[in-house]
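J.:
Protein chains: 4
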Amino acid sequence: MKVGFVGLGQMGTGMASNLLRAGHEVTVYNRSAGKAEGLREKGARVAARVSEVCDGAAAVFTMLADDAAVEQVVFGENGILASLARGAVHVSSSTISVALSERLDAAHGKAEQGFVAAPVFGRPEAAAAAKLFVVAAGDARMLETVAPLLDAIGQRTFVVSDQPPTANLVKLSGNFLIASVIESLGEAMALVGKGGIDRHQYLDILTSTLFNAPLYKSYGGLIADRKFEPAGFAAPLGLKDVRLTLAAAEALRVPMPIASLVRDRFLTLLARGGERLDWSAIGDLARQEAGGDGGPLGIPRHRSG
Amino acid sequence: MKVGFVGLGQMGTGMASNLLRAGHEVTVYNRSAGKAEGLREKGARVAARVSEVCDGAAAVFTMLADDAAVEQVVFGENGILASLARGAVHVSSSTISVALSERLDAAHGKAEQGFVAAPVFGRPEAAAAAKLFVVAAGDARMLETVAPLLDAIGQRTFVVSDQPPTANLVKLSGNFLIASVIESLGEAMALVGKGGIDRHQYLDILTSTLFNAPLYKSYGGLIADRKFEPAGFAAPLGLKDVRLTLAAAEALRVPMPIASLVRDRFLTLLARGGERLDWSAIGDLARQEAGGDGGPLGIPRHRSG
Amino acid sequence: MKVGFVGLGQMGTGMASNLLRAGHEVTVYNRSAGKAEGLREKGARVAARVSEVCDGAAAVFTMLADDAAVEQVVFGENGILASLARGAVHVSSSTISVALSERLDAAHGKAEQGFVAAPVFGRPEAAAAAKLFVVAAGDARMLETVAPLLDAIGQRTFVVSDQPPTANLVKLSGNFLIASVIESLGEAMALVGKGGIDRHQYLDILTSTLFNAPLYKSYGGLIADRKFEPAGFAAPLGLKDVRLTLAAAEALRVPMPIASLVRDRFLTLLARGGERLDWSAIGDLARQEAGGDGGPLGIPRHRSG
Amino acid sequence: MKVGFVGLGQMGTGMASNLLRAGHEVTVYNRSAGKAEGLREKGARVAARVSEVCDGAAAVFTMLADDAAVEQVVFGENGILASLARGAVHVSSSTISVALSERLDAAHGKAEQGFVAAPVFGRPEAAAAAKLFVVAAGDARMLETVAPLLDAIGQRTFVVSDQPPTANLVKLSGNFLIASVIESLGEAMALVGKGGIDRHQYLDILTSTLFNAPLYKSYGGLIADRKFEPAGFAAPLGLKDVRLTLAAAEALRVPMPIASLVRDRFLTLLARGGERLDWSAIGDLARQEAGGDGGPLGIPRHRSG
């Protein structure tokens, strides 16, 4: 299939690469040009502007940092909306707001173009290995059209509904749940750590018993090690996703107190200079509030007979 | 080994039964007498008072509902403290406060008795099947003494430290983490549900991807089904454990905002008549605050082209 | 002075009326025309469009519902920005976002027009009686120009700084503080009410002692009476102001946990159908969560000798 | 009247002094003896033990630090319960738990003694000047008996009900409300301070307009000055009162999220070494979380034209 791809960050590069590997004819575009060279070597055509990416494409992916970048690329002059053929599909894999997804859906519909929201779960390594989980929503025929493309980038596609914004809502809520895991682990480790228990041993107990999910192992390890650099997913992106979750929740009138709390955590982290840290660094704030690891204050104040 | 066992609720009955099956000589006691009959048939001696259970026992287990019950059985007239032989061990498997564990440790030490805290993770079915996870702490020699007993009731024993209260802290923090999972799932489901997404499908996406732990599957299912009766673990017990977590955290000066939030949730649930519901019913409160499942307010307000 | 006035809601009508009373030559505009009739009788000229209001005016006030309304009136075709004379001043009294105030300041500066942010504290009766408190910020010369106008609408003007957005920040933070009073009173009354204490008597104790501010008396009375209709300040406006406070706080990286909590309260209130209630209705939510007023659960379970 | 007085801290000394001044025959007791000398000079009889204080007394006041101290003095050997004459009244002015007040009421009732809870609002200076506000509850006849005594120590007495614990609940909830004011002012000042606004000017605006209560002026001043030493009311006492509020709320099943938040604030403050600071120091934590006062991050990024 003839496919366009806009946005060659760590995630996008891996995804575009897998589209090539699956035999599709891929034209790529990135605002800063250097990023496309690796893909050119793998057979991609490199476009100089967004409109070129749309030329003759049956589908165009966008995998960009935030709402503003997507708006620019879609609604901007010679953007996707203006350039995509009737009946061709815009596949939006970025983590964007529910509100923007609604706007994109409406605009593409009016232009008689298709729109599929297909955000993904997974880190850059998963993107490179075609192991992403794809959460897709949109018109059934459009989904059918792009199914082979989604299959090429992920290990499994989950179709949520025929309404694209629902896929974005699932993605945002998933990131909220991860942030909740980070925060709750941070609180629990602050407690047991100050109580004189080794955090790594504690984590081992947790993940050998009830919390035997890779998520607990990986984020728990980062918190226990206090190893927040380099960032796998930077704190400002964490804040962005919680903000988008809260915005969707506000539009739907759903109070989410843990989301509110996590947002405050990100603000604290960023206010104190955590811009470049991994988002799991919010999991260290409870420990800091508790005045560190204690020791003299620890539980073991006496010896058993 | 000659073993005593006090407390024959659902958990205790399963544990005592497995001690018998492993070949130990078990004397059991329960405040209300009827509960012991099944164990008598399996070979247990049934005591009429706590002191009898201690007669000649190398170790006595307690598996009781709360601090007050344990205090009564240990410190009461003719209780364990007064009746247990020097050098024999009290194994406390109840979920009790860190402060009581400290008191028990000190009192038994003074009486030249051993004390091991060995709370367990697992539901009644796991207790019956000897599949509990045991978290143990205490003096190394004492732990060695009771190791075969702990092996008989669980699938694995984790030794935390030589200070008994640390095991109680691990247990409490673990229950706090489960409550956090319930609350965060409740918020996420309130959001996506009001956004027009099927909760069961949503849960399936979560547990097929990042949240592939049995915990998410089981509690998520209860929340999605809104099936909170019969209670596997009743709401008042959930409140008790969060209260004990917060008490330990206060003693150690560790702020735990999610624990505070979860406590408020339990109070709301109980204030509205949820005494007999499973503790996962706090996972429905976000949905209730959001005014139910929405529908007219849901995201899907337009049709894509 | 020749003055324009856009926005004739309850607040704006009172303010424009007082400008007339002070002898100024006032041209008014409101999107829906009927509202201007009373002012016409008092001597106002009634404009048919925004641009007319700017004709020859030394200053133009805007007193509108939200950011969108202000943006429309200022940046829209033939809006204030396009119509106001060089050197004339736009006085913005609406409760708007800090971000919009920054944009307005920059745009008017570029157009060589003045911009003063002058939000007000006070209810419609205070506006009618020229008893508002005006919080003003902007260039010193501009403030001097409009000082007689601000004096005409309020009992006192507080100049914050030469940066207009600071006045908006003070206004938003003030509304946040009022919402905090409502929420904390709501929690305290839920507690003592369920403890068997008469809420009105309780409020009387509070306001006769430490909390002797009219604010506590008025909002406390509404909560004790559970009288939330008609709305003096409707719940959706309360949510808007907390949202703008949180947005400013996020831009400045300031976590405000009570603001987050109050936001969740407004969402709950609105999700349950509280659109038309006064914002003080969030002060009833703690009582509702507590399962009402109790009685059987109340403290007085015994009689003293 | 013949009156006993136990507890000669800053508050108790002022109160006992005013009982003397009003012409009563006062016998005082304090655990550490030196504190009574000033009162001896004013005419008090100084007792060597609690029982002496009760000898022939029509009423005995207790004004002690916490539940433990009151329990000791009342239930201890030769304590008030054992020594007070039938029909004489124990007036408890300490800030104690609702649960202890219930126990005291029951015990004194059984001993055919009277019990009046009469906690007070006011700082040591108010105690010295007989300007306290007294919140009293108990049997009507008992209240009548002690009315002249309460009049001697305060400027006004509020009778809540015939159930003593209700007065304690009012006192605790009042301290909760003060803590809420501190926290909300702390958040607002963190916001406006980082936004480039002078905190003292901000406070002046607040207290000249809507928040014209001495409470806002005094606590706002401490927060703006960041002057938390010497402590007028020390942070550990603040934590104690919030804990007692939350305990009463839990017993009554009333969720109080701001109380939970304030508790976490006190824990943070104390974990970081704030034991000796005034409780208003929690009002600086939002500023600290926000990374201090900002400046470069402040709003004023541009100059108006």
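Residue numbers (this note's numbering), protein chains in the order written: chain A, 63 to 367; chain B, 63 to 367; chain C, 63 to 367; chain D, 63 to 367.
C-beta: ideal position from N, C-alpha, C; glycine also.
Just so we're clear, the structure is a prediction, and the values are computed from it rather than from any experiment.
1. Just curious, the beta strand (DSSP E) that His152 (chain B) is in, first and last residue?
2. Consult DSSP for Lys233 (chain C) and reduce its assignment to one of helix, strand or coil.
3. Would Ala352 (chain D) count as contacting chain A if we go by Cβ distances under 8 Å?
4. Name the chain D residues whose beta carbon is nearer than 8 Å to that of Val316 (chain B)?
5. If contact means a Cβ-Cβ distance below 8 Å, which residues of the region 189-201 of chain A contact chain B?
6. What is the DSSP secondary structure of Ala121 (chain A), counted as helix, strand or coil?
7. Return the CA-CA distance between Gln91 (chain C) and Phe123 (chain C), expressed in angstroms with no decimal places.
8. Pairing CB atoms from the region 293-301 of chain C with CB atoms from the region 223-235 of chain D, are three or more of them under 8 Å?
9. Can you find at least 3 beta carbon pairs, one from the region 63-72 of chain C and one from the region 80-87 of chain D, that sit closer than 8 Å?
10. For Ala410 (chain A) and Ala348 (chain C), what's the separation of their Cα atoms in angstroms?
11. Which of the three DSSP states, helix, strand or coil, is assigned to Leu81 (chain B)?
12. Between the alpha carbons of Leu70 (chain B) and Glu337 (chain B), how many angstroms are there, rounded?
13. Between which residues of its own chain and Val196 (chain C) is the CB-CB distance below 6 Å, once the five residues before and five after are set aside?
14. Would you say Arg288 (chain B) reaches chain D, if we count a Cβ-Cβ gap shorter than 8 Å as a contact?
15. For a contact defined as C-beta to C-beta under 8 Å, what are the partners of Leu126 (chain C) on chain D?
16. Note the first and the last residue of the continuous alpha helix (DSSP H) segment covering Lys172 (chain D).
17. DSSP beta-bridge partners for Gly200 (chain D)?
18. Rounded to whole angstroms, how far is the Cβ of Thr330 (chain D) from the Cβ of Glu351 (chain A), which I believe are closer than 8 Å?
19. Going by beta-carbon coordinates alone, are Ala95 (chain C) and Ala106 (chain C) separated by less than 8 Å?
20. Can the beta-carbon of Val254 (chain B) be found closer than 8 Å to that of Val153 (chain A)?
21. Evaluate Ser372 (chain D) with the Cβ neighbour count: other Cβ atoms within 10 Å of its Cβ, from every protein chain shown; 16 or more gives buried, anything less gives exposed.
22. Quick one: grab the DSSP three-state call for Ala333 (chain A).
23. Are Val132 (chain D) and Ser156 (chain D) touching if we call contact CB-CB under 8 Å?
24. For Glu87 (chain D), write down the residues that DSSP places opposite it in a beta bridge.
25. Buried or exposed: where does Pro292 (chain A) fall if 16 or more other Cβ atoms within 10 Å of its Cβ makes it buried?
26. In the region 255-281 of chain C, which residue ranges form an unbroken alpha helix (DSSP H) of at least 4 residues, counting only runs that do not cross its ends?
27. Would you kindly check if the distance between the Cβ of Ser159 (chain C) and the Cβ of Leu306 (chain C) is under 8 Å?
28. Okay, do the region 260-275 of chain D and the region 234-241 of chain C touch, 3+ Cβ pairs below 8 Å being the bar?
29. Cα separation between Ser322 (chain A) and Asp303 (chain A)?
30. Would you call Gly200 (chain A) buried or exposed, if buried means 16 or more other Cβ atoms sit within 10 Å of its Cβ?
31. Leaving aside the five residues before and after Ser342 (chain A) along the sequence, list all residues of the same chain whose C-beta is less than 7 Å from its C-beta, in chain order.
32. So for Gly216 (chain C), helix, strand or coil by DSSP?
33. Could you tell me which of D:Ile240, D:Gly294, D:Asp346 and D:Ser242 sits nearest to Asp287 (chain D), measuring between CA atoms?
34. For Asp340 (chain B), which beta-bridge partners are listed by DSSP?
35. When you compare the CB of Glu312 (chain B) with every CB in chain D, is at least one pair closer than 8 Å?
36. Of the residues A:Asp128, A:Leu126, A:His170 and A:Asp129, which one's Cα is nearest the Cα of Leu146 (chain A)?
T.: In short, the structure shows the following:
1. One-based indexing of the second sequence puts residue 152 (chain B) at position 90. Run containing His152 (chain B): Val151 to Ser154, per the beta strand (DSSP E) assignment.
2. Here the question's residue 233 (chain C) lines up with position 171 in the third sequence. Residue state, collapsed to three classes: helix.
3. Here the question's residue 352 (chain D) lines up with position 290 in the fourth sequence. Chain A contact via Cβ: present.
4. In the second sequence, the residue the question calls residue 316 (chain B) occupies position 254. Those within 8 Å of Val316 (chain B) in chain D are Leu329 and Ala333.
5. Phe195, Val197, Gly200 and Asp201
6. Taking the first residue of the first sequence as 1, we reach residue 121 (chain A) at position 59. Here Ala121 (chain A) sits in strand by DSSP.
7. On the third sequence, residue 91 (chain C) is found 29 positions in, with the first residue counted as 1. On the third sequence, residue 123 (chain C) is found 61 positions in, with the first residue counted as 1. The identity of residue 91 (chain C) in the sequence shown is Tyr, whereas the question assumes Gln. Approximately 10 Å, taken between the alpha carbons.
8. no
9. no
10. Since the displayed chain A opens at 63 and closes at 367, residue 410 (chain A) lies outside it and no answer follows.
11. Here the question's residue 81 (chain B) lines up with position 19 in the second sequence. In this structure, Leu81 (chain B) counts as helix in the three-state DSSP scheme.
12. Translated into the one-based positions of the second sequence, residue 70 (chain B) becomes position 8. Translated into the one-based positions of the second sequence, residue 337 (chain B) becomes position 275. Approximately 22 Å, taken between the alpha carbons.
13. Numbered from its first residue, the third sequence carries residue 196 (chain C) at position 134. Ala180, Val182, Leu212, Gly216 and Thr219, listed in sequence order.
14. Position 226 of the second sequence holds residue 288 (chain B). So, not an interface residue.
15. On the third sequence, position 64 is the one that residue 126 (chain C) refers to. Within 8 Å Cβ-Cβ: nothing; Leu126 (chain C) doesn't reach chain D, min ~21 Å.
16. On the fourth sequence, position 110 is the one that residue 172 (chain D) refers to. Val160 to Lys172 is the extent of the alpha helix (DSSP H) around Lys172 (chain D).
17. Reading the fourth sequence from its first residue, position 138 is the one you call residue 200 (chain D). In DSSP, Gly200 (chain D) forms a bridge with D:Val178.
18. For the purposes of this step, residue 330 (chain D) is identified with residue 268 of the fourth sequence, where counting begins at 1. For the purposes of this step, residue 351 (chain A) is identified with residue 289 of the first sequence, where counting begins at 1. Yes, Thr330 (chain D) and Glu351 (chain A) are in contact; Cβ-Cβ is about 4 Å, under 8 Å.
19. One-based indexing of the third sequence puts residue 95 (chain C) at position 33. One-based indexing of the third sequence puts residue 106 (chain C) at position 44. Their beta carbons are not under 8 Å apart, which means Ala95 (chain C) does not touch Ala106 (chain C) by this criterion.
20. On the second sequence, residue 254 (chain B) is found 192 positions in, with the first residue counted as 1. On the first sequence, residue 153 (chain A) is found 91 positions in, with the first residue counted as 1. No, the Cβ-Cβ distance between Val254 (chain B) and Val153 (chain A) is not below 8 Å.
21. The structure shown does not extend to residue 372 (chain D), since chain D spans only 63 to 367, so no value can be given for it.
22. For the purposes of this step, residue 333 (chain A) is taken as the residue at position 271 of the first sequence. Note: Ala333 (chain A) maps to helix in three-state DSSP.
23. The count along the fourth sequence starts at 1 and reaches residue 132 (chain D) at position 70. The count along the fourth sequence starts at 1 and reaches residue 156 (chain D) at position 94. Against a cut-off of 8 Å, the Cβ pair of Ser156 (chain D) and Val132 (chain D) comes out as a contact.
24. Counted from its first residue, the fourth sequence places residue 87 (chain D) at position 25. The partner list for Glu87 (chain D) (beta bridge, DSSP) reads D:Lys64.
25. For the purposes of this step, residue 292 (chain A) is taken as the residue at position 230 of the first sequence. So Pro292 (chain A) counts as exposed.
26. 261-270
27. In the third sequence, residue 306 (chain C) corresponds to position 244, counting from 1. In the third sequence, residue 159 (chain C) corresponds to position 97, counting from 1. Yes, the pair counts as a contact, with Cβ atoms nearer than the cut-off.
28. yes
29. Indexing the first sequence from 1 puts residue 322 (chain A) at position 260. Indexing the first sequence from 1 puts residue 303 (chain A) at position 241. Approximately 12 Å between the Cα atoms of the pair.
30. As a working note, residue 200 (chain A) is residue 138 in the first sequence. Flag for Gly200 (chain A) reads buried.
31. In the first sequence, residue 342 (chain A) corresponds to position 280, counting from 1. Excluding sequence neighbours, Ser342 (chain A) sits near Ile244, Tyr281, Leu284, Ile285 and Phe290.
32. Walking along the third sequence from the start, residue 216 (chain C) turns up at place 154. Of the three classes helix, strand and coil, the one that applies to Gly216 (chain C) here is strand, per DSSP.
33. Reading the fourth sequence from its first residue, position 225 is the one you call residue 287 (chain D). It is D:Asp346 whose Cα lies nearest to the Cα of Asp287 (chain D).
34. The residue you call residue 340 (chain B) lines up with position 278 of the second sequence. Paired residue(s): B:Ala296.
35. Sequence index remark: in the second sequence, residue 312 (chain B) carries index 250 (1-based). Glu312 (chain B) counts as touching chain D.
36. The residue you call residue 146 (chain A) lines up with position 84 of the first sequence. Nearest C-alpha to Leu146 (chain A): A:His170.
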